[in-house]
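This report concerns only the one structure given below.
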Amino acid sequence: MGDRSHQLYTRAIELMPGGVNSPVRAFGAVGGEPFFTARAAGPYLYTEDGERLVDYVSSWGPLILGHAHPAVVAAITEAAANGTSFGTPSRLEVELAARIQAAMPSVERIRMVNSGTEATMSAIRLARAATGRSLIVKFIGCYHGHVDALMVSAGSGMATLGIPSSPGVTEAAVADTVAVAYNDLAGVQALFAQRGPEVAAVIVEPVAGNMGVVPAADGFLAALRQLTTEHGALLIFDEVITGFRVAYGGAQARCDVTPDLTCLGKVIGGGLPVGAYGGRRDLMEMVAPAGKVYQAGTLSGNPLAMAAGIAALDQLVQPGTYGRLEEMASMLADGLAEAARVNGVPLAVNRAWTIFTPFFSPGPVRDFSQAQACSRPSYARYFHGMLDQGVFMAPSQFEAVFISLAHDPALIERTVAASRQVFAQVAESQI
Ligand SMILES: *Cc1c(COP(=O)(O)O)cnc(C)c1O
Numbered sequence: 000m001g002d003r004s005h006q007l008y009t010r011a012i013e014l015m016p017g018g019v020n021s022p023v024r025a026f027g028a029v030g031g032e033p034f035f036t037a038r039a040a041g042p043y044l045y046t047e048d049g050e051r052l053v054d055y056v057s058s059w060g061p062l063i064l065g066h067a068h069p070a071v072v073a074a075i076t077e078a079a080a081n082g083t084s085f086g087t088p089s090r091l092e093v094e095l096a097a098r099i100q101a102a103m104p105s106v107e108r109i110r111m112v113n114s115g116t117e118a119t120m121s122a123i124r125l126a127r128a129a130t131g132r133s134l135i136v137k138f139i140g141c142y143h144g145h146v147d148a149l150m151v152s153a154g155s156g157m158a159t160l161g162i163p164s165s166p167g168v169t170e171a172a173v174a175d176t177v178a179v180a181y182n183d184l185a186g187v188q189a190l191f192a193q194r195g196p197e198v199a200a201v202i203v204e205p206v207a208g209n210m211g212v213v214p215a216a217d218g219f220l221a222a223l224r225q226l227t228t229e230h231g232a233l234l235i236f237d238e239v240i241t242g243f244r245v246a247y248g249g250a251q252a253r254c255d256v257t258p259d260l261t262c263l264g265k266v267i268g269g270g271l272p273v274g275a276y277g278g279r280r281d282l283m284e285m286v287a288p289a290g291k292v293y294q295a296g297t298l299s300g301n302p303l304a305m306a307a308g309i310a311a312l313d314q315l316v317q318p319g320t321y322g323r324l325e326e327m328a329s330m331l332a333d334g335l336a337e338a339a340r341v342n343g344v345p346l347a348v349n350r351a352w353t354i355f356t357p358f359f360s361p362g363p364v365r366d367f368s369q370a371q372a373c374s375r376p377s378y379a380r381y382f383h384g385m386l387d388q389g390v391f392m393a394p395s396q397f398e399a400v401f402i403s404l405a406h407d408p409a410l411i412e413r414t415v416a417a418s419r420q421v422f423a424q425v426a427e428s429q430i
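Sequential numbering of the sequence shown, starting at 0, is according to numbering that gives the first Met the number 0.
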């Protein structure tokens, strides 16, 4: 790490817990100190130490156009000159909502919030209100933000009561949450057979992105749809990562399953803090002030954030964008798989259209326990080796590679070449 980043980090630690405002930024999973970014443009981050890094983190997903895209910067600049917050409705909220609704037919009504966490928190409140039931079913390894009720890890055994996954989350807060293994349809069926009438909602990432990328198995989402419908429960898709990322209409456009409610964030904010939840009209009309389910936000629908989101979606809606992203994603994913193979490094690459994760694992990764079986030391070596080559991969094995439209095939090829060298180092250290 450079001197300037080190100085800033030293000072940051005196000011903020762990020196950061979100834990994964601290490099805890890979060791070492984080670099500090001074600015970013296109596919690159420029560090405080004067280094240029190819960025495959993309601010953890939002920056699908790359950094400081001219259209987004212009939209934010124009919006800022017109006032940064009104506390009244504005045209921009209508324009972003209309674009999302047009892209996602299941989202008949939408409410903007300020983060993905707020979106999932509000969606489960609505689900409980709409069904008059309490129980929420979630999947182990899916992350839905730091909502108390969703911060559970599995107890022992199948579909047992969850236990709080963080100090400060009370047992009462998770008493009505049950965690099941991802892709474990038999587990969900058993749970519904036992407690079906209590279930308010099943919340699921239609492609899991927070244990690394783990796609839903064939038929899994359709089966969840059927089970929830049969039992009068709601199906909530957390598309905070996948929305406008794997396709313009999100994962639901790709898998042909229609959720009752959808949570959004990341890409729809164009790099500004935005979340949203939406879905069936009859459900969303229960939200205040149309209905009685209270949910509010001083800065919700913020004009800068709306302007950034609109500008981003207007780029993304153009023909060919997702094809280009997918082409680059498959090029990099296949390139890494091949580079690992020739070096004898066990690697399982999970790709869902435009996003993927290279798992340092000899076997397939279909759920959280298989993800956890990966070699974290090998990933850490890969991460630091790539950083030395000027490439910023996620500082954790359990994240996705996020390619942007600012990347290009030549850059991807250079990343594959760098990876080939780094895999050789990883192989050596495994002996
Ligand atoms: C990032 C993420 C969230 C939380 O969003 P924040 O804006 O960080 O609160 C929720 N769900 C999923 C699937 C996410 O990836």
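We put the beta carbon where it would ideally sit given N, CA and C, even for glycine.
Our contact map puts residue i next to residue j with C-beta atoms below 8 Å; I'd like the distance itself, whole angstroms only.
i    : j    : result
M150 : A370 : At roughly 18 Å, the Cβ-Cβ gap does not stay under 8 Å, so M150 and A370 are not in contact.
V266 : R253 : That belief does not hold up - the Cβ atoms of V266 and R253 are roughly 15 Å apart, past 8 Å.
N301 : S84  : 6 Å
A178 : F138 : 7 Å
P357 : P345 : Between P345 and P357 the Cβ distance is about 11 Å, and since that is not below 8 Å, they are no contact.
M0   : G31  : 7 Å
Y276 : T261 : 7 Å
S299 : G65  : Not quite, the Cβ-Cβ distance comes to about 27 Å (not below 8 Å), so this is no contact.
F367 : A180 : 7 Å
Give the single residue among the options whose Cα lies nearest to the Cα of residue i.
i    : options                : result
A409 : M111, V53, D2, R90     : V53
R224 : M305, N301, F191       : F191
A40  : A96, Y181, G270, A171  : G270
V106 : G60, R38, N81, E238    : E238
A79  : L303, L404, R350       : L303
A287 : Y43, S121, L44         : S121
T36  : P16, T46, A28, G86     : T46
T353 : T87, I135, Y247, A200  : Y247
P376 : V390, M392, F359, L184 : F359
C141 : F236, V72, R132, A126  : F236
G334 : D387, A416, E229       : A416
P88  : G264, T297, A174       : T297
L125 : A295, G268, Q193       : A295
E229 : G195, G161, H143, L324 : G195
Q193 : A215, L233, L134       : L134
V187 : G161, E92, S374, F219  : F219
R127 : S4, L233, M103, R51    : L233
Within 10 angstroms of the Cβ of residue i, are there 16 or more other Cβ atoms? Answer buried if so, exposed if not.
i    : result
A328 : buried
L14  : exposed
Y293 : exposed
K291 : exposed
V364 : buried
R90  : exposed
Y74  : The sequence given here places Ala at residue 74; Tyr does not occur at that position. Buried is the call here.
N182 : buried
A76  : The question names Ala, but residue 76 in the sequence shown is Thr. Exposed, since its Cβ has fewer than 16 Cβ neighbours within 10 Å.
P394 : buried
E284 : exposed
A185 : exposed
M157 : Confidence is the limiting factor: at M157 the pLDDT is only 46, short of 50, which leaves the residue's position unreliable, though a coordinate-based value still follows. It counts as exposed.
S418 : buried
S165 : exposed
G322 : exposed
A97  : exposed
Are the CB atoms of residue j and residue i within a distance shorter than 7 Å?
i    : j    : result
V198 : A207 : no
E170 : I309 : no
I123 : I109 : no
L282 : A101 : no
H406 : P42  : yes
T119 : V146 : yes
R280 : D259 : no
G231 : T241 : no
V348 : A372 : no
R350 : S428 : no
M385 : V421 : yes
G274 : E117 : yes
P272 : N20  : no
S26  : P33  : Note on identity: in this sequence residue 26 is Phe, with Ser being the wrong assignment. Yes, the Cβ-Cβ distance between F26 and P33 is below 7 Å.
V203 : T227 : no
G264 : G115 : yes
A307 : V56  : no
F243 : L315 : yes
V390 : F355 : no
F382 : V29  : yes
E92  : M330 : no
A215 : P205 : yes
Contained alpha helix (DSSP H) runs [length at least 4] in the region 147 to 225, N- to C-terminal order: Whole alpha helix (DSSP H) segments, 4+ residues: 170 to 173, 184 to 194.
Ranges of the beta strand (DSSP E) found wholly within the region 230 to 309, counting only runs of at least 3: The qualifying runs are 233 to 237, 260 to 263, 274 to 278.
Every unbroken beta strand (DSSP E) within the region 89 to 137, with a cutoff of 3 residues, ordered by chain: Runs of the beta strand (DSSP E) inside the region 89 to 137: 108 to 112.
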